[in-house]
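Everything on this sheet refers to the single structure shown next.
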Amino acid sequence: MLDYQDIKASFVQAGKDYFGRKPFRVCGSCSLCCKLLKVEALDKPAGEWCKHCVPGEGCGIYADRPEGCKFWMCEWLVNRDLRDEWFPAKSKIVIDRTMNEHGKRMIRFVVDPGYPNRWREEPWYHVIKSVAKNGMGIWQTVIEVGDRNWIVFPNKEVQVKPGPGMSVRVAEEAWEYIPCESQEHLMKLKEGMDQLAAWSNSLSDVERAIGLAELEAMKENAK
Ligand code: SF4
Ligand code: SF4
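The following block contains the structure:
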């Protein structure tokens with residue numbers, strides 16, 4: 001039976017990304033991911049040009065680049081739903097489909113800090129909101145501009161600090177983000193939310209309103 005390493009090797013050999021997708025576009029004059037993204041194998045921090053990058057031309061060590069560079073592709077290369085305006089060299093936004101350290105699916109919109117408000121502009125903003133709306137409960141949609149991060153909800157964007165936290169649906173089309181001090185705190189909050197959800201299912205509208213007041217109190221306690 002193939003293990004993960006075998007699958008990975010076969011994907012790299014076939015020119016596919018982590019998810020087994022083949023690119024249908026080419027990078028051309030773009031090198032933006034080589035600036036915006038962290039490359040652990042090279043000790044390269046996010047937001048600084050890789051020392052091997054020749055901007056506008058490509059990778060100076062292409063054949064020997066780290067496995068992560070061979071294996072990773074931005075969404076613009078592999079996702080046919082994205083139109084040409086998402087070419088990262090033009091949009092100044094690199095889209096990364098990934099998972100966070102807890103295995104939660106994420107779509108990261110990593111924005112060039114030289115264009116910090118680009119994600120709020122059209123024709124990009126409505127697509128980001130649509131990704132967030134389609135992903136509720138499936139993936140988290142995140143904006144990153146340098147060391148500033150936002151979680152995108154259909155109803156709002158919330159700037160967040162690094163650390164645990166939880167997204168909570170507070171109305172039919174409204175979500176809130178509750179930051180937590182620790183993983184333990186987050187687990188308690190999740191347990192509380194599960195109990196609240198089970199309880200809420202059997203409540204009248206008036207009783208449910210009291211439940212929402214309880215949620216507000218939990219948010220206060222989580223600060
Ligand atoms: S951001 Fe995308 S298009 Fe630009 S260099 Fe990286 S992989 Fe290629
Ligand atoms: S090694 Fe090459 S592909 Fe990887 S970040 Fe540096 S320039 Fe980009």
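Note that the numbering used here numbers the sequence shown so that position 21 is 21, with each residue one more than the last.
All C-beta atoms in this analysis are idealised placements derived from N, C-alpha and C, irrespective of residue type, glycine included.
Chain-ordered list of residues that sit, by beta carbon, closer than 7 angstroms to a heavy atom of ligand 2: S31, C33, C34, V39, L42, K44, C50, H52, C53, C59, G60, I61, Y62, R65, P66 and C69
Integer-rounded CB distance, given that L42 should sit under 8 angstroms from C33: Their Cβ separation, rounded to whole angstroms, is 13 angstroms, which puts C33 and L42 out of contact at 8 angstroms.
Nearest candidate by alpha-carbon position, reference Q140, set H185, W124, H102 and E122: H102
Per DSSP, cross-strand counterpart(s) of I7: Paired residues: none, contrary to the question.
According to DSSP, residues forming a beta bridge with S167: Y177
Residues near Q13 in its chain [Cβ-Cβ closer than 6 angstroms; skip 5 each side]: none
L186 versus I178: straight-line alpha-carbon distance, rounded: 9 angstroms
Range covered by the alpha helix (DSSP H) that runs through E67: E67 to F71
Proximity of V78 and R21 at Cβ, strictly below 8 angstroms: yes
3-residue-minimum beta strand (DSSP E) runs that sit fully inside the stretch 58–122, ordered along the chain: 93–99 and 105–111
N149 - partner residues in DSSP beta bridges: E144 and V160
Which of helix, strand or coil DSSP assigns to V26: coil
Between the CA atoms of Q195 and C30 - distance to the nearest angstrom: 49 angstroms
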